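A.B. asks:
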Amino acid sequence: MSVKMTAALLLLQLSGFFESGSGGKVLVWPMEYSHWLNLRTMLDELVKRGHEVIVLRPSASLSYEVEDTSAIEFETYTTSYSVADVEELFMESIRKQIYEMTKKSFWRYFLMLQKVVWSYSDYFESLCKDVVLNKELMTKLHNSSFDVIVADPFIPCSDLLAEVFKIPLVYSLRFFPGSTYEKYSGGLPLPPSYVPPAMSELTDRMTFMERVQNVIYVLYFDFWFQTYNEKKWNQFYSEVLDELVKKGHEVTVLRPSASLSYEVEDTSAIEFETYSPSFSMADLEELYMESIRKYIYELPKQSFWRYFLMLQELLWKH
């Protein structure tokens, strides 16, 4: 057998081990301004590699733009906010952060910051409802058979869309208030003596008192600060998930065996997958009761510093 014939047979055999590859379909749930610029870098690279990228864009959009030569596509949905409403929301937020919050006391700063982020939370919730409750749009997206959702976690709803469409979810993070996502989900080391959390107004060059202040910031962001109005979001998510159950979808909730509140009606089809944590039900009850007792009877009587020392002792104990 000639060398050419042998080589041809070898190549024919090797070809059986390879499959043709094609790009996937990517659905994007973005956030405005710098978050969008951060996400754009990754989306441009996905397009270069042959993936089809479709961005969900609200009709009242301020910064979701690409060059005419870009292959990134947009699916525009109608929102209850106008462009003027969104501009006012962002400009009012920027004005407060630059001109008002910097002049406030420690506690007033955080109270105003909470109001600012909750105004965003209401806006984000409205966007989420405009998509999820739009049956025509959801049907179109479902029929498009996306392979994955890429989202900025600063704006919720992507996890709900991933659950509805039964596809994976990938986060691309610009930053998160208090750096909580970076720390707890990303495993980024953020020692409070050296690294200030996002939106704390501190830099990496801190005096001793600023380092002490930074510890308080970290405790506040970890245990008090709510980036979203969780009561509203939980209610909306529950309504959508209940509707999924009614339509025949299986919804499973991961629940610790030591649980005080994860209950549903006997008629509900929501299932629970129970896991065993390192603490017992008695430990959990003791934690809540001791926290309530100290919060009501002891903490209000303490000085500013003693208050946080007791709080830190309680948190570290449990």
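In mature numbering (1 follows the signal peptide of the UniProt record, and there is no 0), the protein residues as written are -23 to -1, 1 to 295. Even glycine gets a Cβ: it sits at the ideal position worked out from N, Cα and C. All figures in this text were calculated on a predicted structure; none of them were measured in a lab.
#1: Assuming contact is defined by CB atoms lying nearer than 8 Å, are residue 123 and residue 144 in contact in what I supplied?
#2: Pull up the DSSP beta-bridge partners for residue 125, would you.
#3: Please say whether residue 41 and residue 13 have beta carbons closer to each other than 8 Å?
#4: Give the straight-line distance between the Cα atoms of residue 209 and residue 274, rounded to the nearest whole angstrom.
#5: How would you label residue 7, buried or exposed, when you count the other beta carbons within 10 angstroms and need 16 or more for buried?
#6: Could you give the DSSP three-state label for residue -4: helix, strand or coil?
#7: Short check: CB of residue 156 to CB of residue 167, under 8 Å?
#8: Is there contact here, the segment 76 to 94 with the segment 192 to 212, by at least three beta-carbon pairs under 8 Å?
#9: Do residue 125 and residue 3 have their CB atoms nearer than 8 Å?
#10: If you check the beta carbons only, do residue 52 and residue 34 fall under 8 Å apart?
#11: Which full runs of the beta strand (DSSP E) of 3+ residues lie inside the segment 76 to 131, going along the chain?
#12: If distances are taken between C-alpha atoms only, which option among 127, 216, 134, 139 comes closest to residue 119?
#13: Between the Cα of residue 185 and the Cα atoms of 169, 198, 29, 197, which residue gives the shortest distance?
#14: Please classify residue 47 as buried or exposed, where buried requires at least 16 other C-beta atoms within 10 Å of its C-beta.
C.D. replies: On the basis of the supplied data:
#1: If you number the sequence shown from 1, residue 123 lands on position 146. If you number the sequence shown from 1, residue 144 lands on position 167. Result yes, Cβ atoms of residue 123 and residue 144 sit closer than 8 Å.
#2: Position 148 of the sequence shown holds residue 125. Beta-bridge pairing by DSSP links residue 125 to 3.
#3: Counted from its first residue, the sequence shown places residue 13 at position 36. Counted from its first residue, the sequence shown places residue 41 at position 64. One thing to note: residue 13 has its Cβ within 8 Å of the Cβ of residue 41.
#4: Taking the first residue of the sequence shown as position 1, residue 209 is located at position 232. Taking the first residue of the sequence shown as position 1, residue 274 is located at position 297. For residue 209 and residue 274, the gap between their C-alpha atoms comes out near 30 Å.
#5: The count along the sequence shown starts at 1 and reaches residue 7 at position 30. Residue 7 is buried by the Cβ-count criterion.
#6: Mapped onto the sequence shown, residue -4 falls at position 20. Low confidence applies to residue -4: its pLDDT is 49, below 50, so where it sits in the model is not reliable, and the reading given next is rough at best. Three-state result, residue -4: coil.
#7: Indexing the sequence shown from 1 puts residue 156 at position 179. Indexing the sequence shown from 1 puts residue 167 at position 190. Taking the C-beta atoms as reference points, residue 167 is found nearer than 8 Å to residue 156.
#8: Remark: three or more beta-carbon pairs, one from each stretch, lie closer than 8 Å, so the segment 76 to 94 and the segment 192 to 212 are flagged as touching.
#9: Taking the first residue of the sequence shown as position 1, residue 125 is located at position 148. Taking the first residue of the sequence shown as position 1, residue 3 is located at position 26. By the CB criterion at 8 Å, residue 125 and residue 3 fall inside the cutoff.
#10: Counted from its first residue, the sequence shown places residue 52 at position 75. Counted from its first residue, the sequence shown places residue 34 at position 57. Going by C-beta atoms, residue 52 is nearer than 8 Å to residue 34.
#11: Fully enclosed beta strand (DSSP E) runs of 3 or longer: 125 to 128.
#12: Translated into the one-based positions of the sequence shown, residue 119 becomes position 142. For residue 119, the nearest C-alpha among the options comes from 139.
#13: Within the sequence shown, the letter at position 208 stands for residue 185. Nearest to residue 185 by alpha-carbon distance, out of 169, 198, 29, 197, is 169.
#14: As a working mapping, residue 47 is identified with position 70 in the sequence shown. By the neighbour-count definition (other C-beta atoms within 10 Å, threshold 16), residue 47 is an exposed residue.
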